[in-house]
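Taking it in order: structure first as structure tokens, then the write-up.
Protein chains in written order, with our numbering: chain A, 1 to 116; chain B, 1 to 114.
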């Protein structure tokens, strides 16, 4: 079974530029998550999708971050304009959802963003 | 809100030493508890989990017991190997609208020397 795919793996941009990250979850996984992991910290949830609807985006800085999951499969996370403090690893994860049961989250390898 | 506090790192041990990484949590309700591991250059992987008080999760020689009275979920291994070198994250999970929400600790970097 293929895992969660993310691209690019690394990105270096200047502040005020824009950047986009792509995630392809495990086939059949209805729930998709984006996390931000700043160096030396644990991952922090940015946004959670159930199919193509947003379940939780309470910690997403909506003035500069946006995310979409068209057709309930792939997802894109965008930052515009980027700030120095956005330098981090952006992790995508996915999980099954069947009825009211919850399942393990599977993580992709992440995209390391450096803002200079 | 929910939060997780982990033992400060980094931790350096010799091969075959006993490992403990402390984790305590603050939560409302009855969360599930997890340990995730991140090997160099790889994504986060679930190591073990416990879904209710007094449950013990175990995998690859690692163990952790869900202690509600002390709000703890300490990770232990009796004899570590060089291949256990990684960053370990304690996490708390709660269900919202049928989907799991995870809150992570800050991570503990473990290095095992031969």
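Just so it is clear, CB atoms sit at the ideal spot from N, CA and C, and this is done for glycine as well.
Selected residue, minimal CA-CA separation from residue i, among the options
i, options, result
"residue 63/B", "36/B, 69/B, 3/B", "36/B"
"residue 32/A", "72/A, 116/A, 66/A", "72/A"
"residue 69/A", "39/A, 2/A, 47/A, 16/A", "47/A"
"residue 121/A", "41/A, 97/A, 84/A", "This structure cannot speak to residue 121/A, because chain A is shown only from 1 to 116."
Residues of its chain near residue i, where Cβ-Cβ distance is below 6 Å and the 5 sequence neighbours each way are ignored
i, result
"residue 9/B", "108, 109"
"residue 6/B", "23, 90, 105, 106, 108"
"residue 49/A", "32, 69"
"residue 14/B", "113"
For residue j and residue i, the rounded distance between their alpha carbons
i, j, result
"residue 29/B", "residue 1/B", "11 Å"
"residue 16/B", "residue 59/B", "17 Å"
"residue 65/B", "residue 35/A", "27 Å"
"residue 84/B", "residue 22/A", "30 Å"
"residue 93/B", "residue 19/B", "24 Å"
"residue 68/B", "residue 26/B", "10 Å"
Burial state of residue i, where buried means 16 or more other Cβ atoms lie within 10 Å
i, result
"residue 3/B", "exposed"
"residue 81/B", "exposed"
"residue 43/A", "buried"
"residue 56/B", "exposed"
Own chain partners of residue i with C-beta closer than 7 Å, once the 5 adjacent residues on each side are dropped
i, result
"residue 113/A", "11, 19, 86, 87, 88, 90"
"residue 79/A", "18, 19, 64, 65, 86"
"residue 104/A", "95"
Rounded distance between the beta-carbons of residue j and residue i, thought under 8 Å
i, j, result
"residue 50/B", "residue 32/B", "7 Å"
"residue 77/A", "residue 15/A", "At roughly 18 Å, the Cβ-Cβ gap does not stay under 8 Å, so residue 77/A and residue 15/A are not in contact."
Residues near residue i in its chain [Cβ-Cβ closer than 8 Å; skip 5 each side]
i, result
"residue 26/A", "1, 2, 3, 4, 94, 106"
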